[in-house]
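The sequence shown begins at 91 in this note's numbering and counts up by one. For glycine and all other residues, C-beta sits at the position ideal for the given N, C-alpha and C. Quick notes on the structure that follows.
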Amino acid sequence: MEYVPLASVATKRFEDTTSTKEVLARLEKVARSEGGFRMSPDAQFAMGWWFYTIHVRPEAVRRMLDLGLIRGSGTSAADQIIAHIQAGLDAAGCDARVRRASKPSIFARYWTWLMK
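As structure tokens, this is what we get:
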């Protein structure tokens, strides 16, 4: 099955990508879904910030719902997974910010100004 974009990550330190991979590996281990998450292979660098995308397989989300790691009611499953990832990054001391992939980029206004 195919991967679906879940979240965009922005950080000033490239070393945070290692912490992100560790957080995703822990989520895969808890959800018992090997290869459930992956990061985009190429991080983009712009104006001192690194940007990359986290992708998820739909069956990994189903598995997390079945195991009760995320709840079906209230906030969306994507927002709950993103909250888990952000909490893991915060616990690791990372400055990375995770945002849902469908939302506008953190620097959308800056990019429009830059591209004028």
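query, result
"With distances taken Cα to Cα, identify the nearest neighbour of Arg153 among Ser123, Trp140 and Leu179.", "Ser123"
"With respect to the alpha helix (DSSP H) encompassing Ser109, which residues constitute its N-terminal and C-terminal limits?", "Asp106 to Ala121"
"Can you say whether Ala150 is buried or exposed, counting buried as having 16 or more other CB atoms within 10 angstroms of its CB?", "buried"
"Comparing alpha-carbon positions, which option in Asp132, Gln134 and Glu118 lies nearest Ile175?", "Glu118"
"Mark Ala136 as exposed unless 16 or more other C-beta atoms lie within 10 angstroms of its C-beta, in which case mark it buried.", "exposed"
"Note down, in chain order, each residue of its chain lying with its Cβ closer than 8 Å to the Cβ of Ala121, except the 5 sequence neighbours on either side.", "Ala150, Arg153, Met154, Leu157 and Leu159"
"By the three-class DSSP mapping on this structure, what secondary structure does Ala182 have?", "coil"
"Out of Ala168, Trp139 and Gln134, state which residue places its alpha-carbon closest to the alpha-carbon of His145.", "Ala168"
"Per DSSP, what kind of secondary structure is Leu157 in: helix, strand or coil?", "helix"
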